[in-house]
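Engineer:
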Amino acid sequence: MTTNAELSFRIMGASARRATALAALAAVGAGVAAGLGVPGGDQWVACSSVLAAGTLMAFGFLRRRLEAGQDGLRYRTVLRWHRLEWDEIDRFEDVRVQPGDRRLSTHNLRVVAKLRSGEAVWLPVPYAGSVDAFRFEDQLRALRAAHHHYRPGTP
């Protein structure tokens with residue numbers, strides 16, 4: 225289905241991926257500097273460790289994506305690809321999710337695929353904070369249109 229995906233959503237954009245790549249390069253550079261024995265090597269090791277840990281988390285987060293095509297949905301979580309056929313999906317719902325930190329007043333918008341079996345599958349994207357609500361609604365509208373178009377029994 226990767227060859228005929230009509231819709232493809234990713235978390236964040238190309239600038240986030242570039243920033244993550246630059247952080248990875250900085251982590252490697254700090255590690256090399258620490259290995260060469262520059263003054264303050266222990267600080268370079270700490271810097272490299274923090275940058276490397278942040279980069280690994282960002283890579284996992286940025287790998288999340290959703291593709292929709294004629295065969296159904298294919299979505300990637302941090303570890304692997306998953307698949308949902310159009311006839312398994314009853315509807316898509318948008319859900320406001322409270323952030324993990326209660327001090328933050330903004331809500332995050334998420335999409336849940338409600339299956340005919342009664343299960344709910346949280347899709348990794350579209351995912352947005354309150355600022356990106358308009359783009360989120362456009363993406364959700366496109367996802368619902370693809371579902372309507374490809375669902376069996378649709379005229």
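Numbering (my numbering), first residue to last: 225 to 379. In this text, a Cβ means the ideal position worked out from N, Cα and C, and glycines have one as well.
(1) Compare the Cα-Cα distances from T279 to each of R359, L367 and L246 and report the closest residue.
(2) Can you say whether S341 is buried or exposed, counting buried as having 16 or more other CB atoms within 10 angstroms of its CB?
(3) Would you report the Cα separation of Y374 and A243, rounded to the nearest angstrom?
(4) Are at least three pairs of beta-carbons, each pair with one atom in the segment 294-306 and one in the segment 262-280, less than 8 Å apart?
(5) Between the C-alpha atoms of Q267 and L249, what's the straight-line distance to the nearest angstrom?
(6) Under the rule that 16 or more other beta-carbon atoms within 10 Å means buried, what is E291, buried or exposed?
Structural biologist: Taking the geometry as given:
(1) Of R359, L367 and L246, the residue nearest in Cα terms is L246.
(2) Exposed is the call here.
(3) Their Cα atoms are separated by approximately 37 Å.
(4) With a cut-off of 8 Å, the segment 262-280 and the segment 294-306 do not count as touching, because too few Cβ pairs lie within range.
(5) So the two alpha carbons sit approximately 17 Å from each other.
(6) With 16 or more other Cβ atoms inside 10 Å of its own Cβ, E291 counts as buried.
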